[in-house]
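Student: Pasting a structure here, questions to come.
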Amino acid sequence: MKLKHSLVTAAVVAVSGGLLALSAVIVPGMVNSTALANHVQMEKLQGTVSLTNGKVPVLKVEAAAPVSTVEEYLKQKMTQQEMQQIYTYIDNLNEEASMFNREMSEAEVNRRLALNDQYVYEGVRPKALLPLRAGVADFYLDLEKGAFTLPGRDMTDEELLQLIDWSYREMYALNQRNTEQPPGPGAKDIQQAEAIKLAAASVKKLFNVDISKLDSHANYSLGWTTKQGQWFVDFRPYKSDTLRSKGEQFLSYNVLLDAKTGVVLDTTVVDLSYKRTAISAAAMEKVKKDASWIAAAKQIVTQKQGETRKIASAKINGDSSYLKRGLVSVLIKLADGSTYNAELRYPEKTLRCLMYEAAGTAK
Numbered sequence: 000m001k002l003k004h005s006l007v008t009a010a011v012v013a014v015s016g017g018l019l020a021l022s023a024v025i026v027p028g029m030v031n032s033t034a035l036a037n038h039v040q041m042e043k044l045q046g047t048v049s050l051t052n053g054k055v056p057v058l059k060v061e062a063a064a065p066v067s068t069v070e071e072y073l074k075q076k077m078t079q080q081e082m083q084q085i086y087t088y089i090d091n092l093n094e095e096a097s098m099f100n101r102e103m104s105e106a107e108v109n110r111r112l113a114l115n116d117q118y119v120y121e122g123v124r125p126k127a128l129l130p131l132r133a134g135v136a137d138f139y140l141d142l143e144k145g146a147f148t149l150p151g152r153d154m155t156d157e158e159l160l161q162l163i164d165w166s167y168r169e170m171y172a173l174n175q176r177n178t179e180q181p182p183g184p185g186a187k188d189i190q191q192a193e194a195i196k197l198a199a200a201s202v203k204k205l206f207n208v209d210i211s212k213l214d215s216h217a218n219y220s221l222g223w224t225t226k227q228g229q230w231f232v233d234f235r236p237y238k239s240d241t242l243r244s245k246g247e248q249f250l251s252y253n254v255l256l257d258a259k260t261g262v263v264l265d266t267t268v269v270d271l272s273y274k275r276t277a278i279s280a281a282a283m284e285k286v287k288k289d290a291s292w293i294a295a296a297k298q299i300v301t302q303k304q305g306e307t308r309k310i311a312s313a314k315i316n317g318d319s320s321y322l323k324r325g326l327v328s329v330l331i332k333l334a335d336g337s338t339y340n341a342e343l344r345y346p347e348k349t350l351r352c353l354m355y356e357a358a359g360t361a362k
């Protein structure tokens with residue numbers, strides 16, 4: 000299994016989206032925002048979604064908000080020598096080398112997810128550190144080759160905890176190495192609390208969901224193309240990895256906002272368990288002739304979003320990239336030149352994502 004240098008941590012710690020890849024949910028504040036800037040642009044990588052009138056449970060709420068124990072633990076335990084060892088390992092990684100000798104089984108992945116939450120929130124630690132050379136144990140990381148060797152049998156809980164522990168040590172060390180001040184909101188930008196408030200209102204408006212008891216995290220970054228400040232806000236259940244390990248269904252929500260104006264640019268709902276239905280060319284021809292798709296999108300924009308400006312036009316987006324993803328994209332242009340893109344799930348016509356671009360926005 001080959002993984003590039005920049006994906007090492009995500010590959011080890013997370014599956015289908017990543018522990019810190021989008022929102023630093025598990026260890027808020029541990030990873031420099033600069034490292035996240037390339038990941039917070041609402042690319043909808045987490046999966047697909049369906050909202051079918053309450054058939055999917057929305058909230059999985061813990062009795063009290065759990066608190067991460069990781070950063071303080073690593074601050075106390077990691078030595079400068081250990082961090083230098085990690086720096087050398089990262090610097091010498093061959094981007095084309097195989098990172099693992101085999102893939103983890105589904106059972107191992109699910110156990111790792113549950114153990115990850117226990118590591119983060121309950122202080123569960125491995126009894127011994129991950130071996131860093133061959134010949135010591137069945138599971139080890141060869142620092143010189145930059146490769147993990149997983150045992151031919153199922154990994155034990157201790158081995159999975161060693162893998163988790165190493166991943167957090169790697170992230171912590173890299174964060175300590177990067178002393179460059181990450182970009183932050185300016186004096187005229189909306190601040191974090193306001194960004195979360197506006198994002199919550201957008202989720203409530205579009206999906207009729209109260210996210211007050213979900214875990215929320217906000218990251219500030221500069222847009223890839225515009226280089227303008229943006230807030231990415233993520234809402235998901237506490238200990239979501241444990242829910243995933245048990246195969247429990249839950250929804251999470253991602254919102255992207257303009258940091259200067261507070262205008263919501265993108266609101267997406269995510270259900271990792273949803274099974275998408277690819278759209279054939281013949282089926283898309285029928286969709287284009289079915290006025291109910293455009294009617295559904297207009298209803299979302301006017302009744303849910305509350306848009307009062309005049310709609311100048313509405314049409315099905317012909318981009319073929321939507322077909323395999325099982326999405327019908329409806330482009331709605333307002334009289335002043337602003338546009339909405341409503342992504343609807345096929346065949347349900349349920350909203351997955353609503354994107355907005357103000358008139359005159361630089362491409």
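Residues 0 to 362 (numbering that gives the first Met the number 0) are what the sequence shown spells out, left to right.
Don't be surprised by glycine CBs; every beta carbon is placed ideally from N, CA and C.
#1: What are the start and end residues of each continuous beta strand (DSSP E) run of 3 or more residues lying completely inside the region 246 to 298, in chain order?
#2: By the 10 Å Cβ neighbour count, where 16 or more other Cβ atoms means buried, how is S244 classified, buried or exposed?
#3: Where does M103 fall in DSSP's three states?
#4: In the structure shown, what three-state DSSP assignment does F138 receive?
#5: Count the other CB atoms within 10 Å of the CB of L50; is the residue buried (16 or more) or exposed (fewer)?
#6: If contacts are defined as beta-carbon pairs under 8 angstroms, then A133 and D240 qualify, I think. What distance do you get, rounded to the angstrom?
#7: In the DSSP output, what is A313 paired with across the bridge?
#8: Please list the terminal residues of the continuous alpha helix (DSSP H) segment that includes L160.
#9: Within the chosen definition, does the region 328 to 337 reach the region 302 to 318 through at least 3 CB pairs nearer than 8 angstroms?
#10: Within 10 angstroms of its Cβ, does V268 collect 16 or more other Cβ (buried), or is it exposed?
#11: For E121, list the residues DSSP reports as bridge partners.
#12: What residue range is occupied by the uninterrupted beta strand (DSSP E) comprising Y72?
#13: Taking the Cβ atom as the reference point for each residue, do A258 and P184 lie within a distance shorter than 8 angstroms?
#14: If you run the structure through DSSP and keep just helix, strand and coil, what is M82?
#15: Looking at K238: is its Cβ nearer than 8 angstroms to the Cβ of Y72?
#16: Would I310 and K297 be called neighbours here (beta carbons separated by less than 8 angstroms)?
#17: Pick helix, strand or coil for L213, following the three-state DSSP scheme.
#18: My guess is that V254 and V286 are in contact by the Cβ rule of under 8 angstroms, so how many angstroms apart are they, rounded?
#19: Among the residues of its own chain, which have a CB less than 7 angstroms from the CB of A358, if the five just before and after it don't count?
#20: Just to confirm before moving on: does the CB-CB distance between M82 and A186 stay below 8 angstroms?
#21: Count the other CB atoms within 10 Å of the CB of P236; is the residue buried (16 or more) or exposed (fewer)?
#22: What does the alpha-carbon distance come out to for the pair D164 and L92?
#23: What residue range is occupied by the uninterrupted beta strand (DSSP E) comprising Y339?
#24: Have a look at I210, S211, T225, W230 and flag the residue whose alpha-carbon is nearest the alpha-carbon of L219.
#25: Kindly list the residues whose CB is nearer than 7 angstroms to the CB of A136, restricted to its own chain and excluding five residues on each side of it in sequence; keep chain order.
#26: Our contact map puts Q248 next to S279 with C-beta atoms below 8 angstroms; I'd like the distance itself, whole angstroms only.
#27: Buried or exposed: which applies to N115, given that a residue is buried once 16 or more other Cβ atoms fall within 10 Å of its Cβ?
#28: May I ask you to list the residues that DSSP assigns as paired with T241?
#29: Here's a check: name, in chain order, each residue in its chain whose Cβ is nearer than 6 angstroms to the Cβ of S201, leaving out the five neighbours to either side.
Tutor: Taking the geometry as given:
#1: 251 to 257, 263 to 269
#2: buried
#3: coil
#4: coil
#5: Reliability of the predicted coordinates at L50 is poor, the pLDDT of 28 falling under 50, and no value is obtained from them.
#6: Rounded, the Cβ-Cβ distance is 30 angstroms, inconsistent with contact.
#7: I331
#8: 156 to 176
#9: yes
#10: buried
#11: Per DSSP, none; premise fails for E121.
#12: Element bounds for Y72: not the beta strand (DSSP E) but the alpha helix (DSSP H), 69 to 76.
#13: yes
#14: helix
#15: no
#16: yes
#17: coil
#18: Not confirmed; about 27 angstroms, so no contact.
#19: D335, G336, S337
#20: no
#21: buried
#22: 19 angstroms
#23: 338 to 344
#24: According to the sequence shown, residue 219 is Tyr rather than Leu. Looking at the Cα atoms, W230 is the closest of the given residues.
#25: P130
#26: Actually they are not in contact, since the Cβ atoms of Q248 and S279 sit about 27 angstroms apart, beyond 8 angstroms.
#27: buried
#28: Looking at the DSSP assignment, T241 forms no beta bridge with any residue, so it has no partner.
#29: V254, V263, T266
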